[in-house]
Structure formats: structure tokens, C-alpha cells
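With our numbering applied, the sequence shown covers 6 to 380. The beta carbon of each residue, even a glycine, is placed where N, CA and C say it ideally should be. Quick caveat: nothing in here was measured; it's all calculated off a predicted structure.
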Amino acid sequence: MIAADPFQGGATWAVLQFLLGLRRLGHEVYFVEPLSEKALRPVGGSLPESQNAAYFQSVVDEFGLGTRAALLLDGTEQTVGLSYADLREIAKRADLLINVSGMLTDPALLEPIALRVYLDLDPAFNQLWSAVYQIDMRFAAHTHFVTVGQAIGTPDCPVPTCGLDWLPTFQPIVLDEWPVANGSRRGALTTVGNWRGYGSVEYDGKFYGQKAHSLRRFFPLPEMTDERFELALAIHPGETPDVEALARHRWTIRDPSELTGTPASYRRFIQQSKAEFGIAKSGYVVSQSGWFSDRSVCYLASGKPVLAQDTGFGRFLPTGEGLFAFDDSAGVLTAIEEMNRDYSRHARAARALAEEFFDSDKVLPRLVELVHGTL
6 MIAADPFQGG
16 ATWAVLQFLL
26 GLRRLGHEVY
36 FVEPLSEKAL
46 RPVGGSLPES
56 QNAAYFQSVV
66 DEFGLGTRAA
76 LLLDGTEQTV
86 GLSYADLREI
96 AKRADLLINV
106 SGMLTDPALL
116 EPIALRVYLD
126 LDPAFNQLWS
136 AVYQIDMRFA
146 AHTHFVTVGQ
156 AIGTPDCPVP
166 TCGLDWLPTF
176 QPIVLDEWPV
186 ANGSRRGALT
196 TVGNWRGYGS
206 VEYDGKFYGQ
216 KAHSLRRFFP
226 LPEMTDERFE
236 LALAIHPGET
246 PDVEALARHR
256 WTIRDPSELT
266 GTPASYRRFI
276 QQSKAEFGIA
286 KSGYVVSQSG
296 WFSDRSVCYL
306 ASGKPVLAQD
316 TGFGRFLPTG
326 EGLFAFDDSA
336 GVLTAIEEMN
346 RDYSRHARAA
356 RALAEEFFDS
366 DKVLPRLVEL
376 VHGTL
């Protein structure tokens with residue numbers, strides 16, 4: 006999503022990496038985002054006058070996508086950007102749809118396209134919501150299923166496949182948009198996120214929870230090291246016990262809407278950091294799905310080492326140089342000590358990992374080839 010929950014620079018970049026990366030490869034790329042009426046800001050307002058539309062338009066214009074994008078009010082033919090008639094014509098000649106979590110549901114825009122990819126950016130949760138609660142995750146409208154959970158469908162991962170053949174992909178990054186940023190080794194260990202997401206699940210005796218459930222285990226961490234921890238964290242002030250605990254244990258909490266609300270400010274926040282302290286939703290940890298954050302990829306590309314909570318990604322990515330996996334506070338402290346022993350080496354290794362595994366010029370051709378059955 007770009008506009009459904011506007012002013013989230015990280016979520017915007019997650020979409021832009023695909024759009025800009027495919028465009029770099031010479032594809033004719035169009036973007037359509039469905040927006041529910043209840044997501045309009047202000048509530049009850051019109052689509053053209055909404056904050057959603059203003060943010061959407063600013064983003065697509067900034068990246069040269071203004072004539073190839075549409076914000077579509079769900080269940081209607083109202084758009085900002087390309088007209089609905091334009092979208093109908095584009096769908097008739099398109100040969101591939103990449104549909105993030107199946108959010109685009111309009112049959113007139115789906116059915117003419119022969120190859121329809123369900124792109125799973127929330128592995129474990131999308132599958133469990135379907136399998137446990139029988140929620141319609143819109144799988145049926147698609148011909149192919151791609152996930153960033155590298156282990157989904159393997160014996161090491163307990164997540165049900167819902168009878169689908171999940172093809173793994175790394176998250177792409179357009180490296181030209183994310184140059185190496187030097188000179189901030191005295192900065193803080195940072196990350197960006199939401200304290201709570203949505204839809205925790207219990208399955209087979211295990212609880213698949215949110216970031217809150219993961220981070221609470223690390224509350225004492227800043228008192229164990231001289232490093233500074235600065236989180237751009239969306240947490241409701243009404244979460245009083247957690248807000249007070251974070252302050253008591255010397256976490257610096259910043260408002261992400263102020264620091265990371267646009268693509269440019271999000272990039273700046275990451276590139277001014279020393280490294281990432283990456284906490285995952287507990288569901289990603291429990292599932293050991295191999296999920297690796299698109300946010301962490303941005304740190305790596307910027308030449309910032311990443312200390313990330315282990316989700317099983319070490320089975321698919323090399324760790325120990327530029328990228329560290331941790332299970333507990335002791336693991337974080339060990340990673341910090343190693344990073345500080347030769348920060349420059351780990352910064353170079355971080356960028357090298359981004360270039361080897363996440364470069365959109367490598368990831369996206371492989372994704373297209375997977376879907377076309379040529380790999």
C-alpha cells in the first residue's frame with residue numbers, strides 16, 4: 006500500500022522497489038491501488054480531495070509514475086490518476102499482474118490477465134488466517150503464488166501451505182535509489198515499525214504474535230551496552246505499561262510520522278543510522294519462515310550493518326559479516342561487539358549482501374522467469 010495508510014515511507018518503498026525495478030528492466034509498468042471507503046482521510050470525504058489522494062499523487066509524481074498509476078475507490082469506477090476506462094484497456098493487454106496480498110479484487114481488472122501472481126509479503130500470517138480462521142485471503146483469483154518467506158512449504162516451516170505451491174523470492178531493492186551512506190558510525194542503532202500490527206493467530210499450540218510480543222523480551226537491552234537505541238515506533242500512548250517500560254530502560258522512541266513519513270525522510274533516517282536493530286513480529290520468529298524485512302534490505306544497501314531477530318533467514322543468507330541473526334539479548338551484545346571490532350568491514354559487507362542477493366536487476370528477472378515457468 007502507498008495511499009491506504011498514507012505517510013508511511015517504508016511501506017511506500019516496499020511498493021516502489023517493484024515498480025521502479027521492473028521499469029529499469031524495460032517493462033511497461035502500471036500501478037493500481039484499491040482504496041476502501043473507510044480508509045479515506047478525512048472520513049466521509051471524497052476521493053479526489055482526500056489526504057490519501059494527495060500523498061499518492063505526490064509519490065507517483067516524484068518517481069515519474071504519474072501517468073502510469075491510479076488510486077481506485079474499491080467497488081466503484083472512481084479513480085485518481087488513470088481513469089477506470091484506461092485501467093480496463095491496460096488489463097486487456099497486460100501479460101502479468103503482481104497483486105500484493107491479493108488486494109486488487111475487481112474482476113474486470115483481474116480476469117483479462119493470464120498470469121496473476123499473489124505476492125505474499127506477510128508470510129505465515131496470510132496462510133494462517135486462511136487455514137485457521139477460514140478468512141478469504143483471495144487466493145482463488147490467482148494463477149501463481151510468490152512469497153518472501155523463503156521456507157514456506159519446506160519441512161522446516163510449520164506454516165500450512167493452504168494447498169498452494171509457494172515460490173520463494175527475495176525482496177528487491179533498486180540500488181541506485183539507495184547509495185552507500187558513510188560517516189555515521191557514531192549514530193544510533195535504529196529501526197522503524199509498528200508496535201502492534203493486526204491479526205495474531207494461535208495454531209498447533211503456538212502463538213504467532215506481533216512486534217510487541219517480540220520487543221518486550223529485549224526491554225533491558227539498552228542498559229547492557231553503551232550503544233544508543235532509537236526506534237521510530239508507532240505505539241499508542243494508551244499502551245501505558247509498555248511506554249513506561251521503554252522509557253525506564255532508556256529506549257529512545259520517535260514518532261515515525263515525523264521522521265519517516267515520506268520516501269525521502271525514511272531513506273534519510275536509515276542512512277543516518279549506525280546500524281539496524283531489527284525486531285520481527287513474533288509470528289515470523291515462531292514460524293521460522295525465513296522472512297527478511299524489506300526495511301533491513303534498505304539498511305544493507307546503505308552500507309549499514311543489520312542485527313536482525315532470527316526468523317530462519319540464516320538458512321538462505323550468509324550471516325556474520327554485515328548481517329547478524331540474534332535470538333536473545335546476549336546474541337545482540339555479541340553482534341555489537343563483532344560489528345564494532347571492524348565497523349568499516351561490516352559496512353562494506355552489508356552493501357555487498359544487498360548487491361548479491363537483493364539487487365532488483367537480479368531478483369525481478371528471476372521472479373518473472375519463475376512465474377513463466379522458465380526456471
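Is F321 helix, strand or coil by DSSP? coil
Under the three-state DSSP convention, the category R93 falls into: helix
Cα separation between L24 and W200? 28 Å
Mind listing, in chain order, the continuous alpha helix (DSSP H) runs of no fewer than 4 residues lying wholly within the stretch 120–182? 130–138
Neighbour-count burial assignment, P268, 16 or more Cβ in a 10 Å radius: buried
Pull the bridge partners of K211 from the DSSP assignment, please. Y208
Check whether chain B comes within 8 Å of H254, counting only Cβ atoms and requiring the distance to be less than that. Although the question refers to chain B, the structure presented lacks it and comprises just one protein chain.
T84 burial status per 10 Å Cβ neighbour count (16 or more: buried): buried
Where does R259 sit, in a helix, a strand or coil, going by DSSP? strand
Cβ pair Y35, I95 closer than 8 Å: yes
Beta-bridge partners of A2, as assigned by DSSP: Only positions 6 to 380 of the chain appear in the structure, and residue 2 is not among them; the question remains open.
Short check: CB of I42 to CB of L78, under 8 Å? Rather than Ile, the amino acid found at residue 42 in this sequence is Glu. Going by C-beta atoms, E42 is nearer than 8 Å to L78.
Taking C-alpha atoms, which residue in A285, A145 and F224 lies nearest to G202? A285
Just tell me which of H241, H351 and M6 has its CA closest to the CA of Y304. H351
Among all the DSSP beta bridges, which residues are the ones paired with D364? I178
Where does V48 fall in DSSP's three states? coil
Ignore the nearest five residues each way along the sequence and tell me which others in F297's own chain have a CB closer than 6 Å to its CB. F318
Apart from the five residues on each side of it in sequence, which residues of its chain come closer than 6 Å, Cβ to Cβ, to V65? G71 and A74
Alpha carbons only, please: which of Q56, F282, A280 and F130 is nearest the one belonging to V291? F130
Examine the Cβ distances between the stretch 229–240 and the stretch 252–268 and report whether three or more of them are shorter than 8 Å. yes
Kindly indicate which three-state DSSP category T339 falls into: helix, strand or coil? helix
In whole angstroms, what separates the C-alpha of R93 from that of S135? 30 Å
Candidates L109, F12, L312 and P47: closest to L264 by CA position: F12
Report yes if the C-beta distance between V164 and S270 is below 8 Å; otherwise report no. no
Measuring alpha carbon to alpha carbon, tell me which residue in G210, L312 and S349 is nearest I341. L312
From T159 to V376, what does the alpha carbon distance come to, in whole angstroms? 19 Å
Flag this pair as yes or no: are the beta carbons of V373 and Q176 separated by less than 8 Å? no
If you draw a straight line from the C-alpha of G378 to the C-alpha of G49, how long is it? 45 Å
Please work out which residues of its chain come closer than 7 Å, Cβ to Cβ, to F331, disregarding the five sequence neighbours upstream and downstream, and give them in chain order. L312, Q314, D315, V337 and A340
Report buried or exposed for K97, applying the criterion of at least 16 other Cβ atoms within 10 angstroms of its Cβ. exposed
In terms of DSSP beta bridges, what is T316 paired with? DSSP, once it has assigned bridges, lists no residue as partnering T316.
Option in G31, R272, E244 and I118 with minimal Cα separation from L101: I118
Just the C-alpha distance for I140 and G327, rounded to the nearest angstrom, thanks. 39 Å
Quick one: measure Cβ to Cβ for V248 and G26, integer angstroms, because I've assumed they're closer than 8 Å. At roughly 38 Å, the Cβ-Cβ gap does not stay under 8 Å, so V248 and G26 are not in contact.
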